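K.L.:
So that we are looking at the same thing, I have put the structure below in structure tokens.
2 protein chains.
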Amino acid sequence: MGRTSDAKERLMAAATELIWEDSYGAVTIDDICKRADVRKGSFYYFFPGKAELAVAAIEDLWVREWQPFIARHLSPELEPAERFRGYLEAIVAQQHRLAEQRGKVLGCPACSVGSEVCNSQLELRDAIREVFAKKRRYYESAIRDAIAANAMPACDPAEMANALFGLINGLTTQARIMNDLAILKHLPDLGLSLLKLKTPATA
Amino acid sequence: MGRTSDAKERLMAAATELIWEDSYGAVTIDDICKRADVRKGSFYYFFPGKAELAVAAIEDLWVREWQPFIARHLSPELEPAERFRGYLEAIVAQQHRLAEQRGKVLGCPACSVGSEVCNSQLELRDAIREVFAKKRRYYESAIRDAIAANAMPACDPAEMANALFGLINGLTTQARIMNDLAILKHLPDLGLSLLKLKTPATA
DNA sequence: TTGAAATTAGACTAAATAGTCAACTATCTA
DNA sequence: TAGATAGTTGACTATTTAGTCTAATTTCAA
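Read top to bottom, the protein sequences are chains A and B. Position one of the first sequence corresponds to residue 803 (our numbering), numbered consecutively onward. Position one of the second sequence corresponds to residue 803 (our numbering), numbered consecutively onward.
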């Protein structure tokens, strides 16, 4: 049935690349089309506009990258301290990888774009809030596990998840703005310390 | 000599308001002129373009607001735990005040705008990096004092300043994106906990 | 009070950008 | 292999935006 195409995927990939590197507002539809090697008409065949493309791109990013990333690295198979350390180290490693590939520290696009558009592009903001909520729920669950295993002191898991999320995003954004990976060096230690996790040695 | 005017100040104030609420990219020169009640010709009489206005605005914000804010609230007159607690509480209170005034949680513009423009508006990025460096130096000094007073364990003050800064900015940005002040509620506790500050009770 | 300096006004140009559309092309199925 | 379906093309329009320019206006100081 009909002509086949991966133009939609190419557009999402191009939008992700460009917006992640620069910003939502600075990237035009023409830029995205050029990078994806797709003509204007095809763009509007697939998406009503830039905002809808961005929503699709971020939802895709969650499903194809971030969800699997969390599942792989915030692994319930490990004991709590190693679980969180592994995850935080994976974040740092991922920023290193991206920085090498792209020539600069990129940070987290959900955070950058979220902060940029939260008062003007409401549907995009909501898509980003969704992703944040999902991430926080993963953290919360891991924190609950750690408390249950007596690996950290009791606390409100939702609040602590939020704090951890804030620390990660804060340092990552710093690293982006300063274009300096060194800012992330101690993220794993700081994260564990924030959670008051007893490392195997401490326990 | 010659005609007098406060149009330059009105332009900076308008730019700060608009960009803080929305974003750098979403605000046009026409928007700023309209809000400031200044005509195009006058805009270009004072500034070569939006980027230069933004640089002037952020430098002004540092000198007139943020510097005095830190000096007032991160006060060396207090003992370490109260010093940091007072500062963190002042940040939370300030976000509450702004949210009430403006109808939404605004976060820190240096952080939002910094993350937005760091790969395209290099002079603005540099102005923001300067502000960050200054803030971090204040934190670092306060941390050094706390260590000297035996109120917290020894650590690399620069690194810890960075972590604190990351936590503050991370939670503040979260609060902006979610438009939810509750996210900031535990910032003071989390900050002290990150620093491992002995509260008077603990000491 | 005059003239130089500082500021204002707003119409104008040029460029960038979003979005439209009708004709065209490829692919699958009956 | 016909024709229905899905996707492509690029020229076109309309709008927004940045930035320019000249003439007018206000202020101060000599």
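Glycine residues also receive a C-beta, built at the ideal position from the N, C-alpha and C atoms. This one's a predicted model, so the numbers in the text were calculated from it and none came from an experiment.
Starting from S995 (chain B), follow the alpha helix (DSSP H) in both directions and report where the run begins and ends.
P.N.:
L989 to L997
K.L.:
For S877 (chain A) and T818 (chain A), I'd like the C-alpha separation in whole angstroms.
P.N.:
27 Å
K.L.:
If you measure beta-carbon to beta-carbon, which residues of the region 822 to 833 of chain A are closer than 7 Å to chain B?
P.N.:
Of all residues in the region 822 to 833 of chain A, E823, D824, S825, G827 and A828 have a Cβ within less than 7 Å of some Cβ in chain B.
K.L.:
Would F967 (chain B) count as contacting chain A if we go by Cβ distances under 8 Å?
P.N.:
yes
K.L.:
Thinking C-alpha only, which one of A:D982, A:R841 and A:M954 is nearest L994 (chain A)?
P.N.:
Among A:D982, A:R841 and A:M954, the Cα nearest to that of L994 (chain A) belongs to A:M954.
K.L.:
Grouping DSSP H, G and I as helix and E and B as strand, with all else coil, what is V865 (chain B)?
P.N.:
helix
K.L.:
Distance cutoff 8 Å, beta carbons only. Does M980 (chain A) sit that close to anything in chain B?
P.N.:
yes
K.L.:
Between B:L855, B:R939, B:A901 and B:V865, which has its C-alpha nearest M962 (chain B)'s C-alpha?
P.N.:
It is B:R939 whose Cα lies nearest to the Cα of M962 (chain B).
K.L.:
Spatial neighbours of C920 (chain B) within its chain, please: C-beta separation below 6 Å, excluding the five flanking residues on both sides.
P.N.:
Excluding five sequence positions before and after C920 (chain B), the CB atoms of its chain that fall closer than 6 Å to its own CB belong to R927, given in chain order.
K.L.:
Which of the three DSSP states is assigned to S917 (chain B) in this structure?
P.N.:
helix
K.L.:
Let's see if you can read the secondary structure: which residues bound the alpha helix (DSSP H) around Q923 (chain B)?
P.N.:
Run containing Q923 (chain B): none; DSSP gives neither H nor E here.
K.L.:
Might you give, ordered along the chain, the residues of its own chain that have their beta carbon closer than 6 Å to the beta carbon of L989 (chain B), omitting 5 neighbours on each side?
P.N.:
L890, V894 and L973
K.L.:
Measuring only between beta-carbons, confirm whether K906 (chain B) sits less than 8 Å from chain A.
P.N.:
Chain A, which has a Cβ nearer than 8 Å to the Cβ of K906 (chain B), makes this yes.
K.L.:
Quick check: is the beta carbon of I860 (chain A) nearer than 8 Å to any beta carbon in chain B?
P.N.:
no
K.L.:
Kindly indicate if chain A contains any beta-carbon less than 8 Å away from that of C835 (chain B).
P.N.:
no
K.L.:
So, V855 (chain A) versus M814 (chain A), is the Cβ gap smaller than 8 Å?
P.N.:
The question names Val, yet the displayed sequence has Leu at residue 855 (chain A). Yes. Within cutoff.
K.L.:
Would I860 (chain B) pass as a contact of A929 (chain B) if the rule is Cβ separation under 8 Å?
P.N.:
Note that the C-beta distance between I860 (chain B) and A929 (chain B) is below 8 Å.
K.L.:
Three Cβ pairs or more, each shorter than 8 Å: is that satisfied between the region 976 to 983 of chain B and the region 906 to 916 of chain B?
P.N.:
yes
K.L.:
When the Cα atoms are used, what is the spatial distance from E918 (chain A) to M803 (chain B)?
P.N.:
42 Å
K.L.:
How is V933 (chain A) classed by DSSP in three states: helix, strand or coil?
P.N.:
In the structure shown, the three-state DSSP call for V933 (chain A) is helix.
K.L.:
Would you mind sorting R899 (chain A) into buried or exposed? The rule is 16 or more other CB atoms within 10 Å of its CB.
P.N.:
exposed
K.L.:
Please list, in chain order, all residues of the same chain as A948 (chain B) whose beta carbon is under 6 Å from its beta carbon, the five residues on each side excluded.
P.N.:
P882 and M954
K.L.:
At what residues does the alpha helix (DSSP H) containing Y846 (chain A) begin and finish?
P.N.:
K842 to F848
K.L.:
According to the neighbour-count rule (16 or more other Cβ atoms, all chains shown, within 10 Å of its Cβ), is K937 (chain B) buried or exposed?
P.N.:
buried
K.L.:
What does R885 (chain A) reach in chain B if we use C-beta pairs closer than 9 Å?
P.N.:
Neighbours of R885 (chain A) on chain B: none; closest Cβ ~20 Å, over 9 Å.
K.L.:
Measuring CB to CB, does F849 (chain B) end up less than 8 Å from L999 (chain B)?
P.N.:
no
K.L.:
Quick one: does G916 (chain B) have its CB under 8 Å from some CB of chain A?
P.N.:
Taking Cβ atoms only, chain A reaches closer than 8 Å to G916 (chain B), which makes this a yes.
K.L.:
Please classify T806 (chain B) as buried or exposed, where buried requires at least 16 other C-beta atoms within 10 Å of its C-beta.
P.N.:
By the neighbour-count definition (other C-beta atoms within 10 Å, threshold 16), T806 (chain B) is an exposed residue.
K.L.:
Classify N964 (chain B) as buried or exposed, calling it buried when 16 or more other Cβ atoms lie within 10 Å of its own Cβ.
P.N.:
Its Cβ being crowded by 16 or more others within 10 Å, N964 (chain B) is buried.
K.L.:
Could you confirm whether any beta carbon from chain A is found closer than 8 Å to the beta carbon of E881 (chain B)?
P.N.:
no
K.L.:
By the 10 Å Cβ neighbour count, where 16 or more other Cβ atoms means buried, how is K852 (chain B) classified, buried or exposed?
P.N.:
A residue is called buried once 16 or more other Cβ atoms fall within 10 Å of its Cβ, and K852 (chain B) is buried on that count.
K.L.:
For I872 (chain B) and chain A, any beta-carbon pair shorter than 8 Å?
P.N.:
no
K.L.:
So, does the CB of G804 (chain B) fall closer than 8 Å to a CB anywhere in chain A?
P.N.:
Not closer than 8 Å to any Cβ of chain A, the Cβ of G804 (chain B) fails to qualify, so no.
K.L.:
Please list the partners that R931 (chain A) has in chain B, where partner means a Cβ-to-Cβ separation under 8 Å.
P.N.:
Those within 8 Å of R931 (chain A) in chain B are I979 and M980.
K.L.:
Determine, using beta carbons only, whether V840 (chain B) and A809 (chain B) come nearer to each other than 8 Å.
P.N.:
yes
K.L.:
Using a Cβ-Cβ cutoff of less than 8 Å, which residues in the same chain neighbour L820 (chain B) once the five nearest sequence positions on both sides are dropped?
P.N.:
Excluding residues within five positions, the ones whose Cβ falls inside 8 Å are V829, D833, I834 and R837.
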